Structure formats: C-alpha cells, structure tokens
Amino acid sequence: MTADIKEAAMADRLTDERRDVVVVTGAGGMGTAIARRLGSGRTLFLAESSRGHLDRAVAALTSEGYAVHGVLTDVSDRASVEKLAQEAAGAGRLCAVVHTAGVSPATASARTIIEVNLLGTVHVIDAFEKVATRGTSLVVISSMAGHYASLSRDDEAALATAEAEDLLGLAAVAAVGDDAGTAYMVSKRANHVRVEAAALAWNQRGATVNTVSPGVISTAMSQAEAESPSGAHMLRMLDDCGAGRTGTPGEIAEAVAFLTGPQARFITGTDLLVDGGQAAWVRRHMRH
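Here the working numbering is used: the first residue of the sequence shown is 1, the next is one more, and so on.
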C-alpha cells in the first residue's frame, strides 16, 4: 500500500463518525443486498441475531470496502434494539434504517414468528422513532403475505396501536394458535398497519416510515419455503400471474433505495408491493 493510499485510508477512518449512518437489520440475502446498495460512503451498522451470519457478512462487506460495524441484536428484545438505535444515532446523521430481520413458516414456529416479525418490528419502529431526525427514513421489509390476511377493522386497529407489551395478548394474535402460516400473514399485516399508525410521529420529526412487501424473492429463506409443502403452489402462482420468475434481492434493494432517497420525501405511511403482480392476480384473476 502506497503512502498516499495509507493516508487516504486513515482520513476515511477519522471522518467515519461524521458520515451519514445506515442501519440494516438482518444479514440474509435481502439484508446484505440492501447494505451494499445503501452503504457506500456511509457508516453501515449491520444487526443480526446469529453471530456466525453476522461475522461472515461483516467480513464480506469489509473486504469490499464498506465501513461496517456488526452488532449482535435480537429484535424480539426491546433493550437489544434500543441499544442498537443509540449506538447508530451516536455515530453520525441517521439517514436510513432498513428492517429486514425476520423468520418464515418453513423455519420457525408460530410463537417465534410473532415474537420476531411482529413484536420485533414494533421494537424497531419505536426505538428508532426516538432517535430519528429530519431526513431519516425507516423501511420495514414486510411481505405480500400481509395482503392476504383476513382481519377485522377492530383487530387491525388493535395491532396498529397497542403498546408493545400488550401485543401478545391481543385476540388476533391469540387466535393464531400454533399455525405458523397464519402467524406469518398476521405478523406481516401488522407490519403494514403499524407503519401507517407510526407515520404521524415520524412526520413530526421530519422523517418517513414505510413498508416494502416482497413477493417470492431468490434468497435462502425463499428456497426453504419453496421446499416446503406449499412451495410448489407458490412457484406455480408466479407462472399463473405472468411474472414467470422469482424476484431478486437487488430489486428489493432498488425499491428501498427509492424510499430512503430524496425523491421519496413525500411518501410515508404506506406499502410498496414488489411481487411481480402476484397479489393483483390473486385479487382479480385467481379462481377462489
């Protein structure tokens, strides 16, 4: 390494704390794609509950030139998320938070799905709302499955506004029982309505909060789903709706880049479906 390159690298390290900060929860396929898309020239905080997954992702991103800090984080634990939010906010201007951490019916029980996908998302929204400043954007990765949930207006209102400590006792959550598929749909619909309800508080801080609902995306999680009993049906629907393929993590990263960018400052409290038209086909063309 030449003296000039060493000097430049040292200058970069010295100015890291003055860089914009991006936080990504989840070091899976979508999380790492989003980290790569948003992290250039910024201080990147990557949060993950698995030490092995976290260390591998941090090593890969570091080798590619990203200024990345790995933070072991359990999103189902409020204190863990609040610690992450405080560390990130103390490192510079918090410009983007992207919450991708989650589990699926093929890999987790109904209880774990509710604790991670529903309660964990509430912890992220609440913790980062406290440290959000003008220009901060939070994007929660939900799922098209949330558009298939059948909940009453009262149930949705309760999911949207209940305190975190009361969520597990709600009727809509209790009704899930041990059905992991239903737990997944309810948790992802809860993400949508929770973000809608949070938009006011985020607006008052000059910040935005939205969800992105991916369809079938080519990740390790979706591969596990494809190999599950419902996998063949899921893949057949992609052909039936005309998409003819799965989506890519890069396509989700581009949607997130739009919502966290300056061109989306007037977009908040809403959901962006990125599913190849599958939900639209289910609503208007599928024979029920």
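Each residue gets a CB set at the ideal place from its N, CA and C atoms; glycine is no exception.
Small disclaimer: the values here were computed from a predicted structure and weren't measured.
L273 places its beta carbon less than 8 Å from that of S213. Going by DSSP, I217 is part of no alpha helix (DSSP H) at all; its letter is neither H nor E.
A direct Cα-Cα distance of roughly 42 Å separates A132 from D240. By the C-beta density criterion, P262 is exposed, having fewer than 16 other C-beta atoms within 10 angstroms. Under the three-state reduction of DSSP, R284 is assigned to helix. At least 8 Å separates the beta-carbon of L44 from that of A27. Sequence-distant Cβ neighbours of E251 in its own chain, meaning closer than 8 Å and more than five residues away, are I217, V274. Annotated as proximal: A172 and L151, with beta-carbon spacing under 8 Å. A220 and S50 have their C-alpha atoms roughly 15 Å apart.
Counting C-beta atoms within 10 angstroms of its own C-beta, H233 has fewer than 16 neighbours from the protein chains shown and is therefore classed as exposed. With a cutoff of 8 Å on beta-carbon distance, R194 and I125 are scored as near each other. Counting along the chain, T25 sits inside no alpha helix (DSSP H); it lies in the beta strand (DSSP E) bounded by residues 20-25.
In this structure, the CA atom of I113 is about 10 Å from the CA atom of M185.
A straight line joining the alpha-carbon of A127 with that of R287 spans about 43 Å.
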